[in-house]
Amino acid sequence: MFVWSNAFARRRSAGRGRSSKKAAKGGKRKGGKGEAKAAADTAKLGVAAQDGDCPAITGLLDSGLDINALVETKTKDKDGKIYRTTALREAIAHKHEAAVRLLLDRGANPNPANSFGNTPFMNAARDGLLPIMRMLLEAQADLGPVDPGSAWTAP
1 MFVWSNAFAR RRSAGRGRSS KKAAKGGKRK GGKGEAKAAA DTAKLGVAAQ DGDCPAITGL
61 LDSGLDINAL VETKTKDKDG KIYRTTALRE AIAHKHEAAV RLLLDRGANP NPANSFGNTP
121 FMNAARDGLL PIMRMLLEAQ ADLGPVDPGS AWTAP
């Protein structure tokens with residue numbers, strides 16, 4: 001289950017294919033329930049990516065969700081820090097090639113690390129997902145980042 005992280009989404013969404021006015025608002029919709037609605041929709045995007053549900057991903061993106069928004073999971077590290085990731089990273093973690101292709105075709109950034117410091121390419125390489133690694137390379141994935149926990153790189 002995902003929970004919207006509005007502060008992270010505002011920072012990540014600024015200048016990424018959204019109008020600056022919408023990015024500055026963090027994707028909020030009008031009305032008192034706007035932020036809650038945005039949180040619920042972003043959570044749905046994360047779940048759809050986990051499930052590889054391409055029609056749901058398409059519908060949610062068509063409704064204006066930020067494809068690169070970070071979402072919170074229930075996972076925590078040893079210090080209690082909540083794990084944050086993107087829909088692209090969730091699709092990769094659950095080995096959904098079609099969802100990865102859809103997200104990349106729709107403009108997902110192949111480079112942002114999750115809150116533990118792992119990039120999508122690192123995760124695909126670790127799991128031996130060659131077709132997904134090729135897709136990420138075609139989308140200009142950066143091979144330079146180093147995992148802060150293990151000091152390993154993807155290549």
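In terms of the working numbering, the sequence shown has 10 at position 10, counting the first letter as 1, and numbering is strictly consecutive.
Note that CB positions come from ideal geometry on N, CA and C, so glycine has one too.
- Residue pairing by DSSP places isoleucine 82 opposite Lys76 in a beta bridge.
- Where threonine 42 is concerned, the enclosing alpha helix (DSSP H) starts and stops at 34 to 51.
- Alanine 38 and leucine 65 have their C-alpha atoms roughly 8 Å apart.
- Around the beta carbon of arginine 84, a 10 Å sphere encloses 16 or more other beta carbons of the protein chains shown; the residue is thus reported as buried.
- The shortest CA-to-CA distance from glycine 128 to any of Asp77, Val47 and Glu97 is the one to Glu97.
- By alpha-carbon distance to threonine 119, the top candidate from Arg106, Gln140, Leu102 and Ala99 is Gln140.
- Under a 10 Å Cβ-count criterion, proline 148 is classified as exposed, with fewer than 16 other Cβ atoms of the shown protein chains found around its own Cβ.
- Taking all protein chains shown into account, glycine 46 has 16 or more neighbouring C-beta atoms within 10 Å of its C-beta and is therefore buried.
- Within 10 angstroms of the beta-carbon of lysine 74 lie fewer than 16 other beta-carbons, which makes it exposed.
- Counted as a single uninterrupted DSSP element, the alpha helix (DSSP H) harbouring threonine 58 occupies residues 54 to 62.
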